[in-house]
Amino acid sequence: MMISVEEIASITTSDDPYLRYPEICKAKGVILNITPEKQLAIIHKRFSDITAERSANLRVSCFTENHDSLLMWAHYADQHKGFCLEYDFLDEDQIRAFLQPVVYSEKIRQIGLLEELTMLTNIGSSLVKSMEWAYELEWRITSFKLGEEFLNYVTAPNPSAVYLGTRFDQNDEHLQKEFLDVFHQKEIPVYQMVKHHTEFKVIRSENQ
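Okay, here's the thing in structure tokens:
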């Protein structure tokens with residue numbers, strides 16, 4: 000038996016959800032032979048399926064205000080073997096219209112079942128993260144699927160700079176050359192990041 004979003008909402012907002020669920024089943028001609036606990040498990044499973052479906056229709060592009068965070072280089076750039084692209088969006092009105100700062104909070108934002116299905120609520124929920132991540136200074140562009148297409152496609156300009164991780168040279172030589180050739184062909188300045196001698200951070204070195 001498939002439970003609709005509206006029916007789940009009526010169960011969760013009911014004064015007696017264990018009574019409301021059998022009522023819905025009876026209306027659908029379904030005979031119950033399971034315990035209330037298993038009934039509730041079915042509801043939770045359906046809610047998880049709805050959440051997973053919504054997540055599959057969501058795309059998020061992530062940006063940060065700094066390029067010298069040791070933690071972010073470790074988390075997002077293959078332990079410093081990757082690279083960081085820098086963009087200048089000051090004159091990019093289309094991108095700036097969709098670019099939003101992430102809000103860091105101590106509490107998880109609570110979303111109602113029906114409220115979750117609205118686009119604005121989805122955008123809002125995608126912009127909230129734990130205070131543990133506040134050091135990332137993150138901004139996001141969020142896009143949602145409408146039918147078979149994603150909305151809010153934006154065309155990004157060429158990067159204004161590229162920063163190579165401190166361990167970029169540990170990549171395959173052919174792969175290194177392939178990336179560097181692309182950057183140079185597009186006339187994008189390329190900088191090597193190196194460890195600071197006296198502080199726990201990485202800094203920009205000479206052009207490559």
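Under numbering that gives the first Met the number 0, the first residue of the sequence shown carries the number 0, and numbering increases by one thereafter. Backbone N, C-alpha and C define an ideal beta-carbon position, used for all residues, glycine too. Nothing here was measured: the structure is a model prediction, and the numbers come from that model.
Do residue j and residue i count as a contact pair if the criterion is CB distance below 8 Å?
| i | j | result |
| --- | --- | --- |
| Pro158 | Ile140 | no |
| Tyr134 | Cys83 | no |
| Glu64 | Leu136 | yes |
| His74 | Arg166 | no |
| Pro16 | Ile23 | no |
| Ile94 | Ala55 | no |
So which of the options has the shortest CA-CA distance to residue i?
| i | options | result |
| --- | --- | --- |
| His195 | Ser13, Val189, Ser68 | Ser68 |
| Gly81 | Gln184, His183, Asp168, Thr197 | Asp168 |
| Ala96 | Met130, Glu148, Val153, Ile10 | Val153 |
| Ile42 | Gly28, Phe62, Pro21 | Pro21 |
| Val201 | Asn170, Arg19, Trp72, Ala26 | Trp72 |
| Gln99 | Phe62, Lys185, Leu18, Thr197 | Phe62 |
Throw me the rounded Cβ distance for the residue i and residue j pair, which I believe falls under 8 Å.
| i | j | result |
| --- | --- | --- |
| Leu57 | Phe143 | 6 Å |
| Ser204 | Val193 | 5 Å |
| Ile7 | Arg45 | 6 Å |
Residue i by DSSP, collapsed to three states: which one?
| i | result |
| --- | --- |
| Gln78 | coil |
| Leu113 | Its pLDDT being 48, under 50, Leu113 is placed unreliably by the model, and the measurement read from it follows with that caveat. Leu113 falls in the coil class under three-state DSSP. |
| Ile122 | helix |
| Tyr86 | coil |
| Pro158 | coil |
| Pro188 | coil |
| Ile42 | helix |
| Arg58 | strand |
| Leu179 | helix |
Keeping to the same chain, check which residues put their C-beta closer than 8 Å to that of residue i; ignore five residues upstream and five downstream.
| i | result |
| --- | --- |
| Val59 | Ser125, Arg139, Ile140, Thr141, Ser142 |
| Glu85 | His66, Pro158, Ser159, Ala160, Val161, Tyr162 |
Once you ignore the five residues that flank residue i on each side, which residues in its own chain have a CB closer than 6 Å to its CB?
| i | result |
| --- | --- |
| Ile122 | Thr141 |
Cutting at 7 Å between CB atoms, please list the residues of its own chain near residue i, excluding the five before and the five after it.
| i | result |
| --- | --- |
| Leu18 | none |
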